[in-house]
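Put into structure tokens, the structure is as follows:
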């Protein structure tokens with residue numbers, strides 16, 4: 001008898017089939033796992049969710065993009081700004097003779113008030129508002145004089161109109177007062193012309209026709 005022995009498998013038996021089937025399943029599983037991992041990493045919203053896996057939530061941004069305006073730089077001011085406003089100011093009258101100081105105020109159409117002191121001299125020691133202060137026309141400036149009010153003589157204004165008489169009194173350092181009004185000629189003054197006075201004293205002027213009109217007589221009835 002001859003004893004012929006064949007190998008246990010020639011590569012075509014059931015063992016090979018099982019190996020091929022097992023290998024094929026492994027390849028398929030790896031492909032599925034790889035694909036799932038790719039979808040997860042890529043965040044693909046179209047991938048269907050695997051069993052037990054939550055579907056990916058895709059949110060769309062509806063807000064408009066925020067636009068930051070470009071920074072602006074303020075333009076540097078040009079020109080030179082003066083510290084003192086332009087216009088009428090109180091003149092420099094400190095140290096000046098008070099009559100000259102008064103003339104300077106009159107030339108600028110400013111009022112004045114003389115306040116005499118008890119010292120010696122005729123100069124202005126201070127002014128209010130102070131020299132250089134911006135003012136409007138007609139503002140009264142007080143001049144403080146170092147010495148007392150000088151003596152003057154009351155002028156004769158009896159032949160002038162009321163307005164002209166007032167100007168002469170002011171020029172002499174006196175102030176007019178009006179007893180009956182400011183219209184018409186001067187009919188009387190007090191103190192009278194030639195009387196001694198001092199700066200800032202007042203002179204009362206009586207202006208206009210002061211003659212009274214007597215009522216007409218009523219005839220008595222006759223019997």
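Numbering (UniProt numbering), first residue to last: 1 to 223. Every residue gets a Cβ at the ideal spot worked out from N, C-alpha and C, and that includes glycine.
Next item on the list: Please state whether DSSP places residue 125 in a helix, a strand or coil.
Entry: Here residue 125 sits in strand by DSSP.
Item checked: 4-residue-minimum alpha helix (DSSP H) runs that sit fully inside the UniProt domain "PASTA" (84-147), ordered along the chain -> 98-107
Notebook entry, point to check: According to DSSP, which residues form a beta bridge with residue 198?
Noted result: 151
Next item on the list: Kindly give me the distance between the Cβ atoms of residue 115 and residue 129, rounded to whole angstroms, as I take these residues to be in contact under 8 Å.
Entry: The Cβ separation is near 14 Å, so there is no contact.
Next item on the list: Decide if residue 102 is buried, meaning its Cβ has at least 16 other Cβ atoms within 10 Å, or exposed.
Entry: Answer is buried; the Cβ neighbour count reaches 16.
Check: Would you report the Cα separation of residue 179 and residue 186, rounded to the nearest angstrom?
Finding: 11 Å
Check: For residue 56, which three-state DSSP category applies?
Finding: Per-residue confidence for residue 56 stands at a pLDDT of 48, beneath the threshold of 50, marking its modelled position as unreliable; the derived number appears in the next sentence. Residue 56: coil per DSSP, three-state reduction.
Notebook entry, point to check: Would you report the Cα separation of residue 138 and residue 193, rounded to the nearest angstrom?
Noted result: 30 Å
Note to self: So, with DSSP's three-state summary, where would you put residue 174?
What the structure shows: coil
Note to self: Between the alpha carbons of residue 120 and residue 164, how many angstroms are there, rounded?
What the structure shows: 33 Å
Notebook entry, point to check: So what does residue 166 bridge to, in DSSP terms?
Noted result: DSSP output for residue 166 lists no bridge partner at all.
Checklist line | Rounded straight-line distance, which links the Cα of residue 145 to that of residue 151 | finding: 15 Å
Notebook entry, point to check: Using the beta-carbon count (16 or more within 10 Å), is residue 93 buried or exposed?
Noted result: buried
Note to self: Determine whether the beta carbon atoms of residue 201 and residue 174 lie at a separation below 8 Å.
What the structure shows: yes
Checklist line | Backbone secondary structure at residue 160 - three-state DSSP | finding: coil
Checklist line | residue 90 beta carbon less than 8 Å from that of residue 135 | finding: Result yes, Cβ atoms of residue 135 and residue 90 sit closer than 8 Å.
Check: Are the C-beta atoms of residue 194 and some chain D residue less than 8 Å apart?
Finding: Given the protein chain composition of this structure (a single chain), no chain D is represented.
Next item on the list: Have a look at residue 190 and residue 183 and give me their C-alpha separation to the nearest angstrom.
Entry: 17 Å
Margin query: Less than 8 Å between C-beta atoms, sequence neighbours within five positions excluded: which residues of the same chain meet that for residue 197?
Written below: Hits under 8 Å: 151, 152, 153, 154, 174, 191, 203.
Item checked: residue 179 (DSSP reduced to helix, strand or coil) -> coil
Check: Who does residue 188 pair with in a DSSP beta bridge?
Finding: Paired residues: 206.
Check: CB-CB under 7 Å to residue 118, same chain, minus the five flanking residues each way: which ones, in chain order?
Finding: 148
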